[in-house]
Each structure stands twice: as C-alpha cells, then as structure tokens.
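In order, the protein sequence lines correspond to chains A and B. Residues in the first sequence are numbered from 1 upward in steps of one, following the working numbering. Residues in the second sequence are numbered from 1001 upward in steps of one, following the working numbering. Where a beta carbon is used, it is the ideal one built from N, C-alpha and C, also for glycine. Read through the structure below, which is laid out as structure tokens, and then see the notes.
2 protein chains.
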Amino acid sequence: MERGRGALGPALELVHTGRAPTRAVLTAELGVTRATAGAVAAELEALGLIQVDARPAASAGSQGRPSHRLSIAPNGPVVLAAQIHADGFRAALVGLGGRVIATAPGCMTVPADPSRIIDAVVEAGAGLLRETGRRCLGAGLAVPSAVAEPEGTALNPLHLSWPVGAPVRTLFNEALAKSGVLGPDGTPVTGVTGNDVNLTALAEHRHGAGRGARHLLCVATGHRGVGGALVLDGRLHSGSSGLAMEVGHLTVNPTGQPCHCGSRGCLDVECDPLAFLTAAGREPGPAVSLLQQSRDLLRTEYADPSVRAAADLLIDRLGLGLAGLVNILNPDRVVLGGLHRELLDADPERLRAVVAERSLWGRSGSVPILPCSLEFNSLIGAAEAAWQPVLDDPLAMVG
Amino acid sequence: MERGRGALGPALELVHTGRAPTRAVLTAELGVTRATAGAVAAELEALGLIQVDARPAASAGSQGRPSHRLSIAPNGPVVLAAQIHADGFRAALVGLGGRVIATAPGCMTVPADPSRIIDAVVEAGAGLLRETGRRCLGAGLAVPSAVAEPEGTALNPLHLSWPVGAPVRTLFNEALAKSGVLGPDGTPVTGVTGNDVNLTALAEHRHGAGRGARHLLCVATGHRGVGGALVLDGRLHSGSSGLAMEVGHLTVNPTGQPCHCGSRGCLDVECDPLAFLTAAGREPGPAVSLLQQSRDLLRTEYADPSVRAAADLLIDRLGLGLAGLVNILNPDRVVLGGLHRELLDADPERLRAVVAERSLWGRSGSVPILPCSLEFNSLIGAAEAAWQPVLDDPLAMVG
DNA sequence: TGACTTTGTGCCGACGCTAAACAAAATACG
DNA sequence: CGTATTTTGTTTAGCGTCGGCACAAAGTCA
Chain A
1 MERGRGALGP ALELVHTGRA PTRAVLTAEL GVTRATAGAV AAELEALGLI
51 QVDARPAASA GSQGRPSHRL SIAPNGPVVL AAQIHADGFR AALVGLGGRV
101 IATAPGCMTV PADPSRIIDA VVEAGAGLLR ETGRRCLGAG LAVPSAVAEP
151 EGTALNPLHL SWPVGAPVRT LFNEALAKSG VLGPDGTPVT GVTGNDVNLT
201 ALAEHRHGAG RGARHLLCVA TGHRGVGGAL VLDGRLHSGS SGLAMEVGHL
251 TVNPTGQPCH CGSRGCLDVE CDPLAFLTAA GREPGPAVSL LQQSRDLLRT
301 EYADPSVRAA ADLLIDRLGL GLAGLVNILN PDRVVLGGLH RELLDADPER
351 LRAVVAERSL WGRSGSVPIL PCSLEFNSLI GAAEAAWQPV LDDPLAMVG
Chain B
1001 MERGRGALGP ALELVHTGRA PTRAVLTAEL GVTRATAGAV AAELEALGLI
1051 QVDARPAASA GSQGRPSHRL SIAPNGPVVL AAQIHADGFR AALVGLGGRV
1101 IATAPGCMTV PADPSRIIDA VVEAGAGLLR ETGRRCLGAG LAVPSAVAEP
1151 EGTALNPLHL SWPVGAPVRT LFNEALAKSG VLGPDGTPVT GVTGNDVNLT
1201 ALAEHRHGAG RGARHLLCVA TGHRGVGGAL VLDGRLHSGS SGLAMEVGHL
1251 TVNPTGQPCH CGSRGCLDVE CDPLAFLTAA GREPGPAVSL LQQSRDLLRT
1301 EYADPSVRAA ADLLIDRLGL GLAGLVNILN PDRVVLGGLH RELLDADPER
1351 LRAVVAERSL WGRSGSVPIL PCSLEFNSLI GAAEAAWQPV LDDPLAMVG
C-alpha cells in the first residue's frame, strides 16, 4: 500500500547530497513516477528527516507550476562525529547534508593511551547531545592511521604515540556505551571508525570539491607521511581489509632519503611537511604541528627564494606521485588536502604541468586537480560514515 | 503473474559462474523463496539458456530429496569472441559458462592496417557460426592496447604496428555488420572491445583462479611492457576513461633502464620478456614471440646459472612492483599471466617473500598470488564482456 | 482571460514477490 | 520393511510496490 519503500534510501541520499532540491528533480533522479517520488518525500518527512516547504519556491523564470523545496529537516536527528589529529581532537554533532550543528574543540595533547582520548572525545560529544537535546543515530571517528577491517584496529598511528594495533573501534564503542549515548531504540549507538584521509575523500565526494565525480582520488599530508583515498562510483574503496591506498611508498626521487620501508625516495618522506621545512632550510620547532609551520612558511615567506624553491621541489615530487596514481587509477578528479592543498594553491599551473607531463595520455594528464573545499573534512567524513546505515535503510534506522 | 523477473539476471550469472549447481543452492544464493527460484530456473530454461536435468543428481550422501542439476544449455546461444596478439589472432565461439564451442586459430602476421585483421577475425568467427549454426548474441574483441572509453580507440597498440588511436570498436562493429552476423532481432550483433589484460582479469575472476575473490589484481606481460587489471566487487575497474591500471611505470629499479615515460627503471622495461632475455644474456630472435622465447628458456634451461639469475632478478623486480600495487589497492588475491606466470611457477616462494617483505603490513603481504588458470583467457574475457548485456537482462536480450 | 506548461495526488491494476500448504523423493531408524 | 525425517519442488493465495492514468493545482505566456 505505501508507495516508495525501495527508493527511500536513494531518495534520502539525493536530498542529503543536495542533488534533489525539489520533488520534480527527485522524480527524474530516481527514475520513478511523480506519484512514487511524492510518496517517498512524504515518508521521509514523516520520519522527521527532510522538510517539504509549505510555500512553493520562488518561480525561477521557468513556466509551469513551481516546485516546493526539499531540504534536510533543521531539527532532525544528528550523528556524533569526531576527528583525532596531532594537536588533539575535535568532536561535533553533524546533521544530514553535512551540516555541523555544534562543535566542541578539545585541544589536548594526545596521550599514549588511546582509550583516554577516545573517552574524552565521546564525553565531549555526549555533552553536546545533552546541551542540544538532539536525537543521535550513530557515531563516527576519524583517526590518523590505517584502520584494519574487520577488526577496527589502528595499524600505524604514526604521530600519535599509540600502540600499533590499538582497537580503536572497540574502544570507541565501549566509550559510547559508557557515556550513555543512546539511539532511538534505547541501545547505545554503534560507532564506526576510519582513516582520516579516507573519510576526507568521502566528505569531499558528498559535499565538497569532489561532488559529482565518478572516481575521486584524494591525497593529503597532515603531519608526517602521505595518505591517499579513493572513492569509486560513489563508494569508498578501502580494499579487502581496509588497507588500500597506502600511497606513501611510490618512488618520487630515486636518489632521495631512505625510507623505513626499505626503499628510498618514497613520497612519504619526500613530500610531507617535514620534507618541506627541511628543503626550505628551516628547523622544525616543537610548538605547533609541522603542518601549521609549513603552512605559515608557505603563506608568509613565499617570496623568499629558498621557500619558493622548496615549494617547487615538493610540487615536482607530488606531481610525480600523482601521475603514478593517475596512471593506475584513472580517476576523473583529484582533490588535495593538508600541505598538498597549500602547494596546489601556491602554484597550480606547475603541479598540473608535472602531472600532465608524466601521465601516459593527454586525457589522464588533464584530470582536474582541486583543493579540498570543506573545513573539518575528516570530521564530516566520519559523520558520513556514521550516516551510512540510515542512508541505506532509513525506515529501519529511524522508525 | 510471472515470477522471478527481477532475479533473472543474477540467477543466470550464478549458473554461468558455476555457483548455482542446483535450484536449492540457487534459492540460497539469490535469497528468495524456493517458489521464486524454481520459476526463475524454468524461465531461463524456456529461454534456452540453461538446462534442468530430468533425472535428479546422484544423492551425495546427504539425506532429503536429491536436487536436479542446473547447467548451461549445451546447444544454447553463443557469442563471437576473439583476441589479437603479437603473433596473430584467434577467433572462437564461446557459450555461457566460459565454454569454448569452436575455435579458428588464425595465425597471420598482423598488418599495419587494423581493419584488415579485424575483418579477418570477424570473417573467421562468421565462418564458425555458419558451420555450427549457432545463434549469436554478441561479440567481443581483446586487443593488446589500452582502449579509451567511451570512444573505443586503441591508444597504445605497442607491438602491433597500428596507428595510435585506431578506432577498434567502430572497425569491429563495421566488420560485424558487413559479415552479416545477425542477432535474434535481425540486426547485426553489437561488438565490444577491451584491453587484453583487463579481459583476462575478468575471465579469471569469473571462471579461473580469481573465482570467489572480492578484489582481484591481475598483472601480466605478453610481449613488451606490463599490463595490469583490477576487478572490484565483481566488476572490472577500467577507470573513468578506460585507462586505469597502466601499471608499467612503477619504479622497480631506481638505477635501471631509461623508459620512454621520462623516468628510469620502470616495471615496463625491467620486467617484460625482453628484459628477461637480456638479463639472461640471450639475443632475442625474430622467429617466435618474445614471450615464447622467454618461456622456452625458462622451462628448458632453468638449471643454467645465468637463466636462474635472470629469473631471480625479474622475480625481485616483479615483487617490488606487486608490493607497490598491493599497498595501493589491497586486493584479496593476485593472479599473474604471461611471463609473470612462468616466473611465479619457477620460484613461488621467492616472489611471495619479496611481496611480503615490501608490503607495509603482514596482512597485505600474505595476499595469495596465483597463476592464471585458463587457456585463452583474454578470449574468454572478451566473451564475458560480450555476454554482459545478456547477464544483465536475459529477457530483453534473448526473448 | 484563456491556453499552455509543469507539478502534485488519488485510484486502479499489474507485476513480482512471500507465505503456506502440499507433494515428491531420498535417507534414517526401529 | 515400514514409518518418520529431511530436503526439494510446486501450487495457490495474497500482498506490497510501483507504473499508468486521470485530474487537480499553480504558475507563465500571449
């Protein structure tokens, strides 16, 4: 009797990613009849997830009956999202559409015991939930480490002094259970964890510079080492055991620094913030993160020839690495984060030229390379991962 | 009224890949009721695609009513499949299940004009169709070159003296139209084309050593250069414009040969048959293909220290390249073809050790590495690509 | 104002499935 | 040897979901 049950998930995803501003567009995107699309929208509205404007939108020049606007319900449910990085952590509540409802930046030095910071993260998130009174449907956590699946353990928490193999997902879920963050069914919400660059790619694909891309490659460097991520046909590719896109060991400088992997001149050691500071002849200081120091240097002293030369050097190395990845993966867009984003901003033409020169065919070389466009992108990515079960089956997760 | 229309495609694919030997298994694999599975099987049988044994299969020790065996209809429709390689071409008729019905090996030196060999290929296939009287539902062609999508042009027909950008798919379809190979609707069958390594990966995933793998990486070298292919979640990943998995320019020997790509020590020039012959101190002869010469050398003179040393050298380089790919893609199985397959057979432990050592985590390093198991695998892959529309919607393509 | 265009909704029927009962064909066991 | 059990296959009834269609609503265009 009820229409549009099968299309409920796809429809919510369309509204969530801003690709269905009206029911008319929703009808076309879903490939169903107007009757079905209308029923789907009504169902999602009844679930409290979306909103159908009472008054039709201002007629945009086109004739015909104007459409009512669809949007994410402003007081709908949220997920708890958090990111952990070299300088501390940040917790937030994120609604559908990638909207950050409330944030609690928690700058603390990251302790060697991962359970302590994860507890603090969840406590901050639980505090936000108490303050706002929002209903919580899930939780996501981004960590600067590869996360093995299906165990949910952090395999290389490099610049956190965490033990290798820390069971971050289990710790996250234990903290959630302890803090009393309950879902609509009265049980603790389930938490998902993932690598920060992977989740950044997911966020950029859904809401940022990667929107509309079919195959999106994301490369970023935050503190030490280089991370990569890949979204294929709208879905994050994290490999058969979560370990895909460990791109840091592509050779970009055959005569370069030795790397712990046994080779030399790897992207990991040749194109991260430390490599940039070293190339510019600066001594890294202990006060702020290496990314922050690099960014400041690049932005304020780009006129200095040594800084400019270091930037050019790193752009050339990054271009080599990107060309290698583009040859292998043939994405239709590339998004850069962290210091790589700054390097792209500093001299976009140089980077694009290197990639084009080293790509095997002109078509691959002309792939668009864009900077990340979202603030807190790994946090929003964590939220995306947490929302995924709701997007897959809204009825089961909300009703 | 008719039951099991939506499940028709998935059901045919299960029988096609041998994963549904009986209706009972089909029921479980499809996740439907026995009634639906029975109706689906009846429908596929009515279409002439599969066969339900009249007599139940020999009871295999288990109690309960024995199941009737499902199999591909022996006299069902076929597709025309062909591969073009350095030594000539081969055309065949291939049924569902990857069964080669009839082949016409056509060894001719490959002319500079691609349309001539493609005409010859199609003519050979059309001859087989006339001889056997089989109904033809599609056609597929594997070429040793990257094929750009959506144009269907051969971008690097390296060891064929074809022009770059030869419109192979158009030529293939024109030849099919000219030869009068008609589908059941009376119009010429549509031909699809693809890179031979990509199609090999598809074939191995469906019927060979890659069966059951979720993410399959395939690497092979036939004559000159190295090709790669990737099957993700059962679907070939050929990138946004068909150019993915150009893996030949991973650096595996920083002090090695210069490569036309501008770098040096690329997999392409360090790990193909020519590199092997050179490393073994042999002069390549003009009579047979480089692959054939390498294979003969490896099989008959492996005891010779110089041959053994060359094999070890190439295994080490191949291992480096595979480790890089495994780090990036995290497949759960790797299949090797051409000379790489021979190298694996020569010393499996050495190759696995190199990959394990250079992989970032033990889990990635222990990925199974297997030899290709199918004869004519790119030909069967071409058939798979040709069958795909039928697998997607049997009713539309056969009825 | 009337024609036209586009959007939204109610009703009905068709399609494709599940559920449940029944039938069939083997093994297990007293 | 006969009955119970297990597993497979088929029949029938019913129901949920969606498309098709008619109609209503709300704007623009002339």
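Just to confirm, are residue i and residue j a CB contact at a threshold of 9 Å?
i: G191(A); j: R169(A); result: yes
i: G1004(B); j: A1037(B); result: yes
i: G1106(B); j: R1090(B); result: yes
i: V219(A); j: L325(A); result: yes
i: V40(A); j: I84(A); result: no
i: I992(B); j: L1070(B); result: The requested residue 992(B) is not part of the displayed model; chain B covers only 1001 to 1399.
i: H355(A); j: L216(A); result: This sequence places Val at residue 355(A); His is not what is there. Against a cut-off of 9 Å, the Cβ pair of L216(A) and V355(A) comes out as no contact.
i: E1043(B); j: V1052(B); result: no
i: G12(A); j: P371(A); result: For clarity, residue 12(A) is Leu in the given sequence; the question names Gly instead. Against a cut-off of 9 Å, the Cβ pair of P371(A) and L12(A) comes out as no contact.
i: G148(A); j: G381(A); result: Looking at the sequence shown, residue 148(A) is not Gly but Ala. Not in contact: A148(A) and G381(A) (Cβ atoms no closer than 9 Å).
i: E1123(B); j: S1067(B); result: no
i: A7(A); j: V25(A); result: no
i: L1322(B); j: E1204(B); result: no
i: G992(B); j: V1247(B); result: Because chain B here runs from 1001 to 1399, residue 992(B) falls outside it and cannot be looked at.
i: L1093(B); j: A1112(B); result: no
i: L141(A); j: T193(A); result: yes
i: L1171(B); j: A1086(B); result: no
i: P1167(B); j: L1176(B); result: no
i: R1282(B); j: Q1293(B); result: yes
i: G1095(B); j: V1390(B); result: no
i: G88(A); j: T109(A); result: yes
I need the DSSP call for residue i, collapsed to helix, strand or coil.
i: Q978(B); result: Within the shown structure, residues of chain B are numbered from 1001 to 1399, placing residue 978(B) beyond reach of any answer.
i: T1255(B); result: coil
i: S1373(B); result: coil
i: S1263(B); result: coil
i: T193(A); result: strand
i: L158(A); result: coil
i: P56(A); result: strand
i: L277(A); result: helix
i: V181(A); result: coil
i: G381(A); result: helix
i: G1125(B); result: helix
i: A148(A); result: strand
i: V110(A); result: coil
i: E301(A); result: coil
State the CB to CB distance for the pair residue i and residue j, rounded to an integer number of angstroms; the pair is presumed to be in contact (CB under 8 Å).
i: V1181(B); j: C1136(B); result: 6 Å
i: G1239(B); j: L329(A); result: 7 Å
i: T255(A); j: C266(A); result: Not confirmed; about 12 Å, so no contact.
i: D268(A); j: H249(A); result: 6 Å
i: L1351(B); j: L1318(B); result: 7 Å
i: V1143(B); j: N1198(B); result: Contact doesn't hold; Cβ gap of about 10 Å is too wide.
i: L1302(B); j: R1308(B); result: Checking the sequence shown, residue 1302(B) turns out to be Tyr, not Leu. Yes, Y1302(B) and R1308(B) are in contact; Cβ-Cβ is about 6 Å, under 8 Å.
i: G18(A); j: G97(A); result: 7 Å
i: V79(A); j: A383(A); result: 5 Å
i: R333(A); j: P368(A); result: 5 Å
i: S1145(B); j: L1128(B); result: Not quite, the Cβ-Cβ distance comes to about 25 Å (not below 8 Å), so this is no contact.
i: F1276(B); j: L1314(B); result: 5 Å
Using DSSP bridges, identify the partner residues of residue i.
i: R1090(B); result: Q1083(B), P1105(B)
i: H215(A); result: L232(A)
i: S71(A); result: Q51(A)
i: A220(A); result: G227(A), G337(A)
i: A166(A); result: A154(A)
i: T1027(B); result: DSSP output for T1027(B) lists no bridge partner at all.
i: T22(A); result: R69(A)
i: G140(A); result: A81(A), V192(A)
i: V326(A); result: Partner(s): none; V326(A) has no beta bridge.
i: G95(A); result: V78(A)
i: V100(A); result: V94(A)
#### Entry: Stretch-stretch touch, CB-based, cutoff 8 Å, three pairs: the stretch 1231 to 1243 of chain B with the stretch 1255 to 1273 of chain B
The stretch 1231 to 1243 of chain B vs the stretch 1255 to 1273 of chain B: no contact.
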